[in-house]
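S.K.: Per the numbering used here, the sequence shown starts with residue 19, numbered consecutively.
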Amino acid sequence: LVGSEMCIRDRITYRASSLLLEDNATEAQMLSRASLIAHETAHMWFGDLVTMAWFDDVWTKEVFANFMAAKIVHPSFPDVDHDLRFLLAHHPRAYSVDRSRGANAIRQPLENLDQAGTLYGAIIYQKAPIVMKQLELLLGEEPFRLGMREYLSRYRYSNATWPDLIAILDALHPSDLRAWSEVWVDQPGRPTVIVERRAAEDGTAASVAVRQSDSGALGRVWPQRLDLGFFLTTADGTIEQVGATRINLQGSEFDVALPSVNSMASPIYVIPNTGGVEYGLFEPDPLTLEFLTANATRLERPLLRGTAWLTLWDGMLEGRLDPEALLTVGLDVISTEPEEQLVSRVLADVSEAFWRFLDTDGQGLWAPRLERAIWSSLESSEVQTRRSMLFAAYAMMASTPDALGRLGRIWSAEEEVPGLILSQEDRIHLAATLALHEAAGWQEILATQASQIDNPDRLAEFRYLLDSLDANLEVREAFFESLRDPANRSREPWVLDALRNLHHPLRARTAVQFVLPALEMLEEIQRTGDIFFPTGWMASTLSGHN
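1) Please name the residue in P209, E479 and P504 whose C-alpha comes closest to that of E296.
2) Please go through the segment 342 to 414 and give each complete alpha helix (DSSP H) segment of 4 or more residues, from N-terminal end onward.
3) Rounding to the nearest angstrom, what Cα-Cα distance links W555 and N519 in this structure?
4) Could you spell out the range, first to last residue, of the beta strand (DSSP E) harbouring F480?
5) Is P290 helix, strand or coil when you go by DSSP?
6) Return the first residue and the last residue of the alpha helix (DSSP H) that M86 is part of.
7) Would you please verify whether the beta carbon of L250 is less than 8 Å from any beta carbon of chain B?
8) Express the C-alpha separation of S36 and L164 in angstroms, rounding to a whole number.
9) Do E214 and R238 have their C-beta atoms within less than 8 Å of each other?
10) If we count the other Cβ atoms within 10 Å of its Cβ and call it buried at 16 or more, is Y143 buried or exposed?
11) Using alpha carbons as the reference points, say which of Q531, L155 and R387 lies closest to Y412.
12) Return the residue from the list A314, V76 and A478 that minimises the CA-CA distance to E355.
13) Between N266, I543 and P341, which lies nearest to D132 when the distance is taken from Cα to Cα?
14) Quick one: Cα of A536 to Cα of Y173, how far?
15) Looking at C-alpha atoms only, which residue of A450, I471 and L137 is the closest neighbour of Q461?
16) Using only alpha-carbon positions, find the residue among I392, D99, P161 and D74 that is nearest to E129.
17) Report the residue from W393, S441, W327 and T403 whose alpha carbon sits nearest the alpha carbon of R17.
18) Does I184 come out as helix, strand or coil in the three-state DSSP assignment?
19) Tell me the residue span of the beta strand (DSSP E) that contains L299.
20) Rounded to whole angstroms, what's the CA-CA distance from E400 to A178? Just pull it up for me.
21) Enumerate in chain order the residues of its own chain whose CB-to-CB distance from D194 is below 8 Å, with the five nearest sequence positions on each side excluded.
22) Measuring alpha carbon to alpha carbon, tell me which of K151, W180, A134 and V81 ends up nearest I141.
23) If contact is defined by three or more beta carbon pairs under 8 Å, each pair taking one atom from either stretch, is the segment 56 to 72 in contact with the segment 99 to 116?
24) Where does the unbroken beta strand (DSSP E) through D245 begin, and where does it stop?
25) Quick check on this structure: which residue in N84, D116 and A52 has the alpha carbon closest to the alpha carbon of P93?
26) I need the straight-line Cα distance from T263 to K145, nearest angstrom please.
27) Per DSSP, what kind of secondary structure is E129 in: helix, strand or coil?
28) From which residue to which residue does the beta strand (DSSP E) around A209 run?
29) If you draw a straight line from the C-alpha of L540 to the C-alpha of G139, how long is it?
30) Which one of I286, T292 and S369 has the shortest CA to CA distance from A275?
31) On the premise that P341 lies in contact with F375, defined as a C-beta separation below 8 Å, what is that separation, rounded to the nearest angstrom?
32) Does DSSP classify S231 as helix, strand or coil?
33) Looking only at C-alpha atoms, which of L299, P552 and L383 sits nearest to E116?
34) State the Cα-Cα distance for the pair F532 and F498, rounded to the nearest angstrom.
35) Could you check the C-alpha separation between G83 and F95 for me, to the nearest Å?
36) Taking the beta strand (DSSP E) that G261 falls in, what are its first and last residues?
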């Protein structure tokens, strides 16, 4: 009855493309749809049955909706590794903000409701669920459940604050949750967790120090649980886990003894974040970083392979790993990794590394290797969702004449994608890709594609995007100028697609001129657009630049 009443009071609008998936939808899209429905359903309790007192706690309704959505969705996807899913769905996007100097706290002050849209983003939607997961681990599942029941019962049909919930949970555990909340919820940023080897008298490494540092130089300590795994490689090259330990990192440093093993085939390598919920910039010692670079795809558990990839990606961004070394690992993942969701993450990162972290010469060397690896994996795959994912990645990274020629033949139906029937939406994306690459006959391709679109809304969108795809710079400049008129920004998803076209890496050099005007328009964008539009506006503007 409560659920029914809440559904009547709370109107939810869904975007059709998020729910009405194409026949060749990927596993990630199916999971995303289920999570979206579960998330909005959970708002009946978190945000409606109990509502935040003010928008500085808007994150609470979002974090609980995400947190509970995961618990709702899991049983419907029994074949999915949900620990890996949680890692990949939350950590990369949260890190993308928290590693920057523009990072914000989860809980932010808000003076005026007309600025509420500025609160939303990856910190609320991705970091907060990780923090909540850590809180559940700290308290234990049953005490956490009891605390949440008390929260919903005490504040039903009324308003509550985050401190109200912390007070309830604090009574259930000896830890000082207020101090815990101060650093995790009320302050921005993430810790750097460094592993350093400590040598014994004979020169061998007898222990490691796990040390926290604060990149903000404020002396902060983020208390959290770390699951450390110890590994070695045997004489025949097999990777063997020789131990594990769990530490509660409450201070700035923690010493951990390495396990004693008979084999001296290799050093013992230490992975400090094998649990998948640890949060921070993890800097393994140089030997372990080298081990991960060579063996990330050979670790036994999918979750370990996921944490290894995120560690390598952060290492590349921090300058500890060369982009080409990362791409070498990515090639191995594309060819051998059985977990579709991990391949999806790696493909996205490989695409970004290719377009944003290689110069033109490097792209020329790597493009054929990446195209061959992706197409070969597509041909050998027996799973339709995986083939769809790989084909989308192939189209995104195609840049050699051979690959673009193949895309042209696929668009014109002269060649098929093995095991896939392309939808009209797929063909529209192909036509746009060929135009961005200024493939031979790109104008005729766009005109022909427009004549084949039978859905009036889809046709209107395609026509809106045409000038952003045009090879003539003056046409693109005129299109950008037209965006100064709010009437030309009324269909915001179309605008974001158009901005990504304007700033595609192939056109980044000529698109630099649009960056400053886009920044100057941002305040007006915030006043006139949807709450999520300003962030999308800037992300799309900067998307193709390096």
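In this text, a Cβ means the ideal position worked out from N, Cα and C, and glycines have one as well. Because the structure is a prediction, the values reported are computed rather than measured.
M.R.: So, to answer that:
1) Numbered from its first residue, the sequence shown carries residue 296 at position 278. It is P209 whose Cα lies nearest to the Cα of E296.
2) 358 to 375 and 378 to 398
3) The count along the sequence shown starts at 1 and reaches residue 555 at position 537. The count along the sequence shown starts at 1 and reaches residue 519 at position 501. Their Cα atoms are separated by approximately 13 Å.
4) Stepping through the sequence shown from its first residue, residue 480 is reached at position 462. No beta strand (DSSP E) contains F480, which is instead part of the alpha helix (DSSP H) from P474 to L487.
5) One-based indexing of the sequence shown puts residue 290 at position 272. It is coil, neither helix nor strand.
6) As a first step, residue 86 is located in the sequence shown; it is residue number 68 there, counting from the start. Where M86 is concerned, the enclosing alpha helix (DSSP H) stretches over V76 to V91.
7) The chain labelled as chain B is not found in the depicted structure, where only one protein chain is given.
8) Looking up residue 164 in the sequence shown gives position 146. Looking up residue 36 in the sequence shown gives position 18. Going by the C-alpha atoms only, they are around 34 Å apart.
9) In the sequence shown, counting from the first residue as 1, residue 214 sits at position 196. In the sequence shown, counting from the first residue as 1, residue 238 sits at position 220. Not closer than 8 Å, so no.
10) Here the question's residue 143 lines up with position 125 in the sequence shown. Label assigned to Y143: buried.
11) As a first step, residue 412 must be located in the sequence shown, where it is residue number 394. For Y412, the nearest C-alpha among the options comes from R387.
12) Taking the first residue of the sequence shown as 1, we reach residue 355 at position 337. Among A314, V76 and A478, the Cα nearest to that of E355 is on A314.
13) Your numbering for residue 132 matches position 114 in the sequence shown. Minimum Cα distance to D132 is reached at I543.
14) The sequence position of residue 536 within the sequence shown is 518, counting from 1. The sequence position of residue 173 within the sequence shown is 155, counting from 1. In a straight line, the C-alpha of A536 is about 43 Å away from that of Y173.
15) Taking the first residue of the sequence shown as position 1, residue 461 is located at position 443. Out of A450, I471 and L137, A450 has the C-alpha closest to the C-alpha of Q461.
16) As a first step, residue 129 must be located in the sequence shown, where it is residue number 111. Here the closest residue by C-alpha is D74.
17) A query on residue 17 cannot be resolved here, the shown segment of the chain reaching from 19 to 564 and no further.
18) On the sequence shown, residue 184 is found 166 positions in, with the first residue counted as 1. Three-state DSSP puts I184 in a helix.
19) Here residue 299 corresponds to residue number 281 of the sequence shown, with the count starting at 1. Run containing L299: L299 to E301, per the beta strand (DSSP E) assignment.
20) To locate residue 400, count along the sequence shown from 1; it is residue 382. To locate residue 178, count along the sequence shown from 1; it is residue 160. Taking the straight line joining both Cα atoms gives about 50 Å.
21) For the purposes of this step, residue 194 is identified with residue 176 of the sequence shown, where counting begins at 1. Cβ within range, chain order: D188.
22) Looking up residue 141 in the sequence shown gives position 123. That would be V81, whose Cα lies nearest to the Cα of I141.
23) no
24) Position 227 of the sequence shown, counting from 1, holds the residue named residue 245. Looking at the DSSP string, the run of the beta strand (DSSP E) that includes D245 is Q242 to T251.
25) Counting from one through the sequence shown, the residue named residue 93 turns up at place 75. For P93, the nearest C-alpha among the options comes from A52.
26) Taking the first residue of the sequence shown as position 1, residue 263 is located at position 245. Taking the first residue of the sequence shown as position 1, residue 145 is located at position 127. Roughly 25 Å separates the two Cα atoms.
27) Your numbering for residue 129 matches position 111 in the sequence shown. Of the three classes helix, strand and coil, the one that applies to E129 here is coil, per DSSP.
28) As a position in the sequence shown, residue 209 is number 191, starting the count at 1. Looking at the sequence itself, residue 209 is Pro, so the reference to Ala does not match. Taken as a continuous stretch (DSSP letters only), the beta strand (DSSP E) holding P209 covers P209 to A217.
29) Within the sequence shown, numbered from 1, the residue matching residue 540 stands at position 522. Within the sequence shown, numbered from 1, the residue matching residue 139 stands at position 121. Taking the straight line from one Cα to the other gives about 16 Å.
30) Taking the first residue of the sequence shown as 1, we reach residue 275 at position 257. It is I286 whose Cα lies nearest to the Cα of A275.
31) As a working note, residue 375 is residue 357 in the sequence shown. As a working note, residue 341 is residue 323 in the sequence shown. About 4 Å; that satisfies the 8 Å criterion.
32) On the sequence shown, position 213 is the one that residue 231 refers to. In this structure, S231 counts as strand in the three-state DSSP scheme.
33) For the purposes of this step, residue 116 is taken as the residue at position 98 of the sequence shown. According to the sequence shown, residue 116 is Asp rather than Glu. Minimum Cα distance to D116 is reached at L299.
34) On the sequence shown, position 514 is the one that residue 532 refers to. On the sequence shown, position 480 is the one that residue 498 refers to. Going from the Cα of F532 to the Cα of F498 covers about 8 Å.
35) Position 65 of the sequence shown holds residue 83. Position 77 of the sequence shown holds residue 95. According to the sequence provided, residue 83 is Ala. The question's Gly does not apply to it. Near 19 Å, if we compare the C-alpha coordinates of F95 and A83.
36) On the sequence shown, position 243 is the one that residue 261 refers to. That run of the beta strand (DSSP E) goes I257 to L267.
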